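For what it's worth, the working numbering labels the leading residue of the sequence shown as 126, then goes sequentially.
Built from N, CA and C at the ideal position, the CB exists for glycine as well.
Keep in mind it's a predicted model, so treat the numbers as computed, not measured.
Just below is one structure, and these are the notes that go with it.
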Amino acid sequence: MAESVEPPRFDLARRIRWPQEDNKIPREIFTDPDLFRAEMDGVFTGPVWVLVGHESEIPKPGDYKTISMGAAPVIVIRGANARVSVLVNACAHRGTRLVEGPSGNVLRGGFRCIYHMWTYDTDGRLIAVSLPEDFPQEFRKEDYGLPRARVDTYRGAIFATLNDDAPPLLEYLAELTGGLDKVLEDGALEFLGSIRVIFRANWKLYVENIYDGYHVTALHTGFQVVRLRSHGGERLVPNYERNGHLWGRSRSTPVNQLTPALRDMSLFDTRTKPTTDHNMMVVFPSGVVTDYFDTIQMRYVIPLELDRTQIEFAFFGRQHDPEEARLHRVRQGPEVLGPAGAITLEDAAALERVQLSATARGENVVLKGTPKRFPPYRHVDEAPIRHFYQAYRRLMGFHSDDH
Ligand code: FES
Ligand SMILES: [Fe+2]
126 MAESVEPPRF
136 DLARRIRWPQ
146 EDNKIPREIF
156 TDPDLFRAEM
166 DGVFTGPVWV
176 LVGHESEIPK
186 PGDYKTISMG
196 AAPVIVIRGA
206 NARVSVLVNA
216 CAHRGTRLVE
226 GPSGNVLRGG
236 FRCIYHMWTY
246 DTDGRLIAVS
256 LPEDFPQEFR
266 KEDYGLPRAR
276 VDTYRGAIFA
286 TLNDDAPPLL
296 EYLAELTGGL
306 DKVLEDGALE
316 FLGSIRVIFR
326 ANWKLYVENI
336 YDGYHVTALH
346 TGFQVVRLRS
356 HGGERLVPNY
366 ERNGHLWGRS
376 RSTPVNQLTP
386 ALRDMSLFDT
396 RTKPTTDHNM
406 MVVFPSGVVT
416 DYFDTIQMRY
426 VIPLELDRTQ
436 IEFAFFGRQH
446 DPEEARLHRV
456 RQGPEVLGPA
466 GAITLEDAAA
476 LERVQLSATA
486 RGENVVLKGT
496 PKRFPPYRHV
506 DEAPIRHFYQ
516 AYRRLMGFHS
526 DDH
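See the structure below:
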């Protein structure tokens, strides 16, 4: 009798020993190439909703953007009927990437594959093939559409899942909708542009960094330069028993009370809201949403390889913004919260160093705030990282008999 074979991810989980304590993280999870491949299936095609964009990035029929859901390259497109679809970016014939580049419009012409010129419409239907004369008689174009993800939106934010067992989006987001309501408001955003950069670090290091309130004042000297200090707030982990999203709500020094360490402090102005209070959210597993200062930003975390992660920083304004506010957001977004910005610049350096020495084996440890077992945590705590890895371990099948 044939032995039953378990999916490979369970074998991997046995191969890597996760310490009993839930505040310890084995460094092998950042260096094991087989685990990386298993994560692309276990996490990104698991029962999760991946944040893939905002409707304002593709406002007109035929507009599309490219992104990946883990290892699956996809096209996020507004069809001729204005409906948003997420299509796998691989020709149904022999798998060629259909569209290169970050964005465009294909209302006229659709997607034509370079290899044998099969052509798809904006809904992913195959509409033309070249020289079909000697194809098998039973060939029907209807059978060769592009695979599509399930799609749903929340206040204009576009989510997709490749898994039939994913719960309804609202159930998945749970109380995180409270934070998204604050940042996205009525969803009427204007897309201002985006920057894509590659971090030489494992994708999980990027995501856990957002949960980490501890590093913010230690690493980010930019905050010290502008004398911006946290004055409270909290780190919530909505749905932590299932998905472990993050919702950090922070209160900071009002701009008019900042000690002007720079001759010109206007870069840090908050012109569209009265305070520097802000939200910083992770939509598990790979989406970031924030409204720091006047910057409305989403980040999409795209794992490329074990130690290479593309982060797309997308910037938004509100549709009713006065021109002056719009220009302020265009300047502030990249210069403060872009990959080379005054505040976010340092993360790449720190995370790349973590990655470089992860080969040393051993365990990383999470301490600050961990005597408290459950959220809410203080805004300066790193304890929420535990919940990120709890959700990750559940999806991957790592044994977690410690909580
Ligand atoms: S691979 Fe696309 S048409 Fe052949
Ligand atoms: Fe940071």
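Residues that DSSP places opposite residue i in a beta bridge
i    : result
F441 : F316 and I421
D188 : N230
N364 : In DSSP, N364 forms no bridge with anything.
D159 : In the DSSP output, where bridge partners are listed per residue, D159 has none listed.
H179 : A282
R273 : L212
Cα-Cα separation, residue i to residue j
i    : j    : result
L431 : N489 : 18 Å
M165 : A196 : 6 Å
H528 : I252 : Low local confidence applies: a pLDDT of 41 at H528 is under 50, so the model's placement there is unreliable, with the coordinate-based value given in what follows. H528 and I252: Cα-Cα distance of roughly 53 Å.
M521 : L383 : 45 Å
K493 : P184 : 43 Å
A127 : L137 : Any reading at A127 must be qualified, since the residue scores a pLDDT of 46, below 50, and its modelled position is unreliable; the value itself is stated next. So the two alpha carbons sit approximately 21 Å from each other.
P363 : Y517 : 15 Å
A386 : F348 : 11 Å
D526 : Q145 : Residue placement at D526 is flagged as unreliable, the pLDDT there being 47, under the threshold of 50; the coordinate-derived value follows with that caveat. Roughly 8 Å between the two C-alpha positions.
L256 : R140 : 51 Å
F264 : N206 : 28 Å
V426 : T495 : 26 Å
V322 : I192 : 13 Å
F260 : D268 : 14 Å
G412 : G226 : 21 Å
A274 : L223 : 16 Å
H278 : F284 : Contrary to the premise, residue 278 reads as Thr rather than His in this sequence. Rounded to whole angstroms, T278 to F284 spans 6 Å at the Cα level.
L309 : D248 : 27 Å
R142 : G369 : 22 Å
P172 : T286 : 7 Å
A475 : T469 : 11 Å
M405 : V276 : 24 Å
R535 : L330 : Residue 535 is absent from the structure shown; the chain starts at 126 and stops at 528.
Proximity winner among the options, relative to residue i (alpha-carbon distances)
i    : options                   : result
T434 : P464, A326 and M194       : A326
V332 : I183, C238, A439 and R424 : R424
K497 : A508, G235, G522 and M405 : A508
L301 : R162, F409 and V350       : F409
T395 : D311, A386, V407 and T378 : T378
P216 : R478, N148 and K266       : What sits at residue 216 in the sequence shown is Cys, not Pro. Closest by alpha carbon: K266.
S181 : A163, Q457, V201 and Q145 : V201
I436 : M405, S319 and M242       : S319
F418 : T400, M406 and P428       : T400
T342 : N368, S375, E366 and D311 : S375
P359 : T191, R503, P293 and P261 : This sequence places Glu at residue 359; Pro is not what is there. Out of T191, R503, P293 and P261, R503 has the C-alpha closest to the C-alpha of E359.
D472 : H524, R367, N334 and N368 : N334
P464 : R162, F324 and M242       : F324
V231 : A313, G187, P272 and V177 : G187
Y336 : D446, T156, Y365 and A474 : Y365
F155 : I421, Q480 and Q422       : Q480
L317 : W174, R237, F513 and Q457 : Q457
Outcome for residue i when other beta-carbon atoms lying within 10 angstroms are tallied against a minimum of 16
i    : result
Q444 : exposed
R511 : buried
K398 : exposed
Y240 : exposed
R233 : exposed
F499 : exposed
P459 : buried
N288 : exposed
L371 : buried
G357 : exposed
R120 : Because the chain in this structure spans residues 126 to 528, residue 120 falls outside the shown range and cannot be described.
L462 : buried
T484 : exposed
N381 : exposed
S210 : buried
H453 : buried
V557 : A query on residue 557 cannot be resolved here, the shown segment of the chain reaching from 126 to 528 and no further.
H403 : buried
T346 : exposed
D290 : exposed
H179 : buried
> Can you list, in chain order, every residue whose CB sits closer than 7 Å to a heavy atom of ligand 1?
Replying inline: What you get when you keep residues with a C-beta closer than 7 Å to any heavy atom of ligand 1 is C216, H218, R219, G220, T221, C238, Y240, H241, M242 and W243.
>> Residues around ligand 2, please: the ones whose beta-carbon is closer than 7 Å to some heavy atom of it, in chain order.
In response: Residues with their Cβ less than 7 Å from any non-hydrogen atom of ligand 2, running along the chain, are N334, H340, V341, L344, H345, T469, E471 and D472.
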